[in-house]
Every structure is written in C-alpha cells, then in structure tokens.
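Read in order, the letters of the sequence shown are residues 1 to 736 in UniProt numbering.
Taking it in order: structure first as structure tokens, then the write-up.
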Amino acid sequence: MANSLPLYEKTAIKRRTHKALDLAILFLLLSLLAYRVFLLSTHGFSNLQAMAFLCESWFAFVRLLSIITKWNPVNFQTYPHRLLKREVELPAVDIFVTTADPVLEPPIITVNTVLSLMALDYPANKLACYVSDDGCSPLTLYALSEGLEFARIWVPFCRKYEVDERAPFRYFSNASTPPYLHTSPEFQNEWKRVKVEYERVEGKIKDAEQDRFSSRKDLAPFSHVDTKNHPAIIKILWENKNDLDELPHLIYLSREKSPKHPHHYKAGAMNVLTRVSGLLTNAPYILNVDCDMYANNPKVILHAMCVFFNSEAEPKEIGYVQSPQCFYDGLKDDPFGNQLIALYEFFARGIMGIQGPFYSGTGCFHRRKVIYGQSPHHEGKASEQELLKSFGKSKALAKSAALTFEDNACGYHLKGLMNNLEAANQVAGCGYEIGTAWGSKIGWIYGSTVEDIQTGLMIQKRGWRSIYIALDPPAFYGCAPSELPASLTQQKRWATGLLEILFSKNCPIFATLFGKLEWKQCVAYLWLLTWGFRSIPELCYAMLPAYCLITNSHVFPTVREREIIIPISIFILYNFQQLLQYFQTGQSLRAWWNNQRMERVNTMCPWLLGVANVVLKLLRISETVFEVTKKDSSSSNTDEKTKLEDSNHFTFDESLLFIPGTTIVLVQVSALLVSLTRARGSGVVEVACSVWLVLCFWPFLKGMFLKGRYGLPLPTIYKSAALALFFLHLCQKNNP
C-alpha cells in the first residue's frame, strides 16, 4: 500500500483577489490608452501624448505578460519518507560547487558550503562533491584540505545527533554554549570539542588569507601560476571506497585557461565539471550550487528524488528540479530589494503551473542525460562516432555518455577515481571543446552572462518540464548583496544576459515555433527577458511629468476631467496589490516601500546600462563581461553593525550605475522648483508623479550632501548635473 502512494502531489492555489486586481489594472491601462487615442484623434498629433501612448502601451503589454505568467499558480508537496519505504536503490548524485575569485568569494564560504553538502542525509558512497575553482587559487585548495580534516568529525557529529543546520558557521554562530535539545553529557562535551575544532580550522583559513599558510606539497602546482594562463589542476582530496559511513568523494578542479581560448565564465566551468565528473563518477543526477549556497535542509536530495522517482508518467518528462533562492542574515526590511520573496511566491508558482520554473543557476538538480542534450522521448542509441563528434575526442567520455543515455538509474561509479585522472585532465583542457557540441547543444549554453536561464530555456525547448520545490526548512541558503553597488552590478548583469538571450537564436519565440516550448512558457520567458527593455519606456515616462512642469503643460487629465480617475486608480490598485503580496509573504510595510523604491532604481539605473551593454555588443563595439558578485564571509558583531548602518543609508562609488538615478532626481527637483515660480498649467497628477519619483530616489538626493561611502562622488554629481541641465535646455527650447 505504501508503494502505491505518490511521492509528490500537485495542488492548485486559488488567488481570486489577485486575479481580479490584475484584470482591473489591465482594464484601466487599456482605458488610459483609449483616452490617449481620443486626444490624438480630436486634438491632433502631439509629441507629448504620443510618447505617453507608447510608454503606456508597453506597460499594458508587460501587465498582460505578467497576468498570463502567474495565472495558474500551483504547489508541489514531496514525501521523502514514502521514498525510503520503497525497495529502490537510491541513485548517485554528483554535486558541483563553483567559485571564481578568492577575494570576492572567501574560501571559508566555499568550505562551509562543501561541509553542508557532505553531511546531507544520503548514502555517502552515492555522493561526489566537485569544487570548481576558476580563480586557480592555492588558498581555495588549502581551505578545502583543512575543511576535509574537519569534515571527519563534523559529518559523523551531524549524523549522530541529527543536526538541522549542517553549515558549521551557521550552527555555531553566536553560540557560546551548546543547545539544550540534547542534554546528555556526551553531547555537551562533543559539541564543545567540535566547536573548538571548527574555530581552529576557521582561524587557519583566515590566517592563510593573509598569506600565512605553510608550504605544502599539494600546493606545488600553484607555484608561479598565472590565473589566466595555466594547465588543468585536478586533485582527488578524498575518495570513498564504497563505504556508507565514510565521507563522500571530494574533488578539486581548476580547468586549463589560455588567453588564446575563450573560457565562457561560469558556463564553461560547469561544462568542464560535467565532463570530468562524467569520467570519474558519472552519476545520473547532478546538483549544482554556488559557493555561498549551503544546504540548509539535510533531506533535500531525497525531496528531489521524490520528483524523479514518482510512478506517474509525468516525472519521466521532468528535466530538472529547482529550489528557490533564499538568503540568510538578510538586511532588515530588504533595503536593496534583492531577497525576491514576493517574486518567488507569486511568479515562480505561476510558472510552475505551465511548463515549470526557470533554471536559476544554483540549488538545482539535473538529469545528466538532459544536460547531455537528450529529449524526453528519445529512442535509439548514438554510435561511437556520433558521440565522439558531439562530446569530443575522448573515447572514455563517449563511453560514459553512452552509459548515461542507457538510463541506468543507479549510476555508473568507477571503482577507482585515479584510473581516469589522465583522461579527466584532457577533457579539462581549454581547447577540448573546439569542433564539439559543448556550449551549443550539450551542457551549459554559451552566449549570455545568465547562462542558467539560457540553459533552462534550451532544456524546455526540447520538451522537458521542470518542478519547483519550496521546502520547510528551505533547501538552500545563500547570501544576498549587502551593499548597493554590488546589488546594482548584479542587476546589470541579469538585464544584460537576459537581453542577450532575447536577441539570440535561442529566443523563446523561436523555441516555441520550432521547438517544444509551450506558448504560455514562451510568454513567461518574454516577461523575464524583457526586464532590461523596461528601462527605456519607464525612463521616458518618468521625464514626462518633469517636462510638463517645466513647460507649464500637462500630459494627464486635469482635476476638471472625469478621466483623472483612471491614472489615480491605476496607482492605488497597483500599490495595493503589491502591498497585499508583501503582507501575505510575511513582510513589513517598510519592506514593501523599499522594494517599490528599488524597483524604480533597478529599472532606470542598472537595467538601462544593461541595454547599453547589449547594444554595444550587437554593434560589435564591445563584448559583455561576467561580473562576480561579492560575497560576505563574516558574521561578526562589527560586520553586523556595518551592515545595519548600510541598510539605513545607500553606499555609492564612482560607477556609471549611479548617474541615471542622480540625473532623474535632479531633473524632478528642478521641475518642481520651476513649477512653483509660475502660474500652474500642469495638473495635480504631474506634481504627484514628480514628488513620487523624488521619494523613490531620495537616497540619491541625500547622497549629494554626504561624504565618504554614503556620499555620491563629485564626478557622478557633475555628470548628472550636466545631463539634467541639458534636459532643462531641451524643455525650454521646446516650450511653446
């Protein structure tokens, strides 16, 4: 009877209030467009009204995309205890951890992530943890070696006492005494011993960051190494001899790099990991996480296997299982709007009701055969010659790929990892992919700085579906940017990468016309990929009220016109819906305001620069660059105090990211001052819009009068002032 119960269940979520609000806002937007058409047809053509019509048409289009995307939200509930009752052998899983810069991504973060993964509730002889170090840093290898020594006592401790938080830096954070869930003297003594040992290892790694680590033989390959030009380095730090109670495999990898060959950033690193793991362990399932994304739920792999192992027909088409990105030690009230709680709850669950969530680059379980380019209903075997053409000249890799396509659910673990080490070094070479299908049809797809979205799109184009598992406690925890410059840089990279996909041959429209991407899923991708484009109509729309105040004209209905109720109703209903979403996800009024403010900042600052990056790329003037986001490693009281101060103030630097926002606030303040000096021809709505924008960009206005980290640099102010004066000049020039 237990075997007949499903391993997961899908339930629909009813959100009638939000659907009604969505339709009401869309109706009001269409009514506003009808008002514009009426004005243009009765009063003649007007540049002002035409610009407003174009911007509002875009807003209505985006609203329609969002309605379709989140119209049918669903939830998935998994039952790992039912899986354990079934007489099935659990499959092997290869775990990929990626890091690229030991400065921006301190090794102690990577070590904690690896420790949490090695301690998961899953047979140790079925796990292999691969760490890709794209920075080719001896510090990272040293930290992993020290972490491995600590793992020998940490992993048994977690299993023995069923520890919930298996990243030691979280488990021991701010805890000077052991928890009283276990009152036995044995636990108390062992807890203290493990804590002392972790602090010792943490201290050694932090000392090593100051170039104080001792000379070791295993670090010899790093002597005089050039991080951009070096051979492949593969170190088998630990090999599990098929022992259930031992530690999982732990392998360090730094792929070969050369200035003569493009390395394709994270996508290239993931493909090397896929090839190397295919030779050493070749597990049928792959879990990939960023170096800061530690495993928070010890049973996360079992939850994912519930989806892949369900007896229903649908799981045979499940290509990957995605977990939401959750963040630890997030700043109070989300001042930079980067925790994405409401976005995941309302949009991700809506996409689950279509073809499945997007691949978000971390916390995701893949079928290896899906990464290898197989379709859901693939039949027949590929010849050795075909495999060599697609996978490269390694016969060992072609053989392992053939075994993967045979769909042996228990995997294919070689008896000795050292046996294929030479072949692994070959496939980690920078020139191995030349003339193969890697990066185009196989593995992680190249051509965008958001390789995750593009790879997921290509998987779903072949007809695969995906599932989103939101566990309690959350499956993984990572760290969100705690400073404004890092947050905006991340937003710029996202906007750039998404637009790169939109203008590529992998555009979702083509995937629907010539592939198996469902049309609603295509709409969901378009909603996402057009994020960057929203900067242009929103920036133009933001300048319209200022233009009207300066030229003493109006673009919105006046108080004497009954149509004034349309824009006012849109504003009220939109913000009411947003506020409702934040309250329903347990967030505060302040968090709602911070996210509304950052939505304006993100749209008109980093997204605008993302558009500029893509235009320059399309014109072949420059190439886009993958920018690593800075990770915070410490949770000390000093750092917590600094983070608290930063949450109350924006921090600035000399980046171009701050010029659009500074220009906007200067223009709006100037327009409001000009309107005070003359008889008012503009309406209440124009004034309200300008005031609203000043409030949204208020931190930029404050930054012009502050110094240090919290003040805008003078070059940024001068450039923004010049742009604002230029806009004022154009307004005066066009003033009738």
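Every residue, glycine too, gets a C-beta built ideally from N, C-alpha and C.
These numbers come from a predicted model, not from an experiment.
Three-way DSSP call (helix, strand, coil) for residue i in this model
| i | result |
| --- | --- |
| residue 605 | coil |
| residue 478 | strand |
| residue 151 | helix |
| residue 559 | coil |
| residue 334 | coil |
| residue 587 | coil |
| residue 425 | helix |
| residue 637 | Confidence at residue 637 is low in this model, with a pLDDT of 48, below 50, so the placement of that residue is unreliable and no value is reported for it. |
| residue 224 | coil |
| residue 98 | strand |
| residue 9 | strand |
| residue 319 | strand |
| residue 93 | strand |
| residue 229 | strand |
| residue 211 | coil |
| residue 709 | helix |
| residue 36 | helix |
| residue 674 | helix |
| residue 20 | helix |
| residue 14 | coil |
| residue 395 | helix |
| residue 614 | helix |
| residue 81 | helix |
| residue 179 | coil |
| residue 172 | coil |
| residue 86 | coil |
| residue 621 | coil |
| residue 44 | coil |
| residue 553 | coil |
Sequence-distant residues of its chain with Cβ nearer than 6 Å to residue i (five each side left out)
| i | result |
| --- | --- |
| residue 660 | 604, 605 and 608 |
| residue 734 | none |
| residue 11 | 75 |
| residue 94 | 128, 277, 281, 283 and 286 |
| residue 711 | 703 |
| residue 663 | 720, 723 and 724 |
| residue 468 | 322, 348, 352 and 357 |
| residue 116 | 166, 167, 294 and 295 |
Residue range of the unbroken alpha helix (DSSP H) whose run includes residue i
| i | result |
| --- | --- |
| residue 194 | 185–208 |
| residue 63 | 47–69 |
| residue 694 | 684–696 |
| residue 653 | No alpha helix (DSSP H) holds residue 653; DSSP gives it neither H nor E. |
| residue 164 | Neither: residue 164 is in no alpha helix (DSSP H) and is coded neither H nor E. |
| residue 733 | 714–733 |
Separation of residue j from residue i, as counted between CA atoms
| i | j | result |
| --- | --- | --- |
| residue 428 | residue 583 | 49 Å |
| residue 688 | residue 47 | 22 Å |
| residue 705 | residue 671 | 20 Å |
| residue 594 | residue 695 | 11 Å |
| residue 535 | residue 542 | 10 Å |
| residue 691 | residue 717 | 21 Å |
| residue 561 | residue 265 | 56 Å |
| residue 319 | residue 356 | 10 Å |
| residue 472 | residue 303 | 11 Å |
| residue 24 | residue 72 | 18 Å |
| residue 622 | residue 505 | 20 Å |
| residue 510 | residue 379 | 25 Å |
| residue 18 | residue 629 | 34 Å |
| residue 258 | residue 230 | 7 Å |
| residue 184 | residue 219 | 42 Å |
| residue 9 | residue 77 | 5 Å |
| residue 754 | residue 149 | Absent from the model: residue 754. The displayed extent of the chain is 1 to 736, so no value can be given. |
Own chain, CB closer than 7 Å to residue i, minus 5 neighbours either side, in chain order
| i | result |
| --- | --- |
| residue 60 | 26, 29, 30 and 33 |
| residue 526 | 65 and 508 |
| residue 350 | 69, 70, 71, 72 and 73 |
| residue 436 | 390, 391 and 392 |
Where the beta strand (DSSP E) containing residue i begins and where it ends
| i | result |
| --- | --- |
| residue 78 | 74–78 |
Contacting residues, own chain, Cβ-Cβ under 8 Å from residue i (five flanking each side not counted)
| i | result |
| --- | --- |
| residue 585 | 341, 342 and 345 |
| residue 224 | none |
Minimum Cβ-Cβ distance from residue i to chain B less than 8 Å
| i | result |
| --- | --- |
| residue 161 | Note that chain B does not occur in the displayed structure, where there is just one protein chain. |
**Segments of 3+ residues assigned as beta strand (DSSP E) that fall wholly inside the region 322–392** = 364–367
**Request:** Enumerate, from N- to C-terminal direction, the unbroken beta strand (DSSP E) stretches of 3 or more residues contained entirely within the region 106–151.
**Result:** 127–133
**Message:** To test your reading of the DSSP string, which unbroken beta strand (DSSP E) runs of 3 or more residues are found completely within the UniProt domain "Glycosyltransferase 2-like" (413–549)?
**Reply:** 465–468 and 476–478
**Runs of beta strand (DSSP E) lying entirely within the region 231–311, each at least 3 residues, in chain order** = 233–238, 249–254 and 285–290
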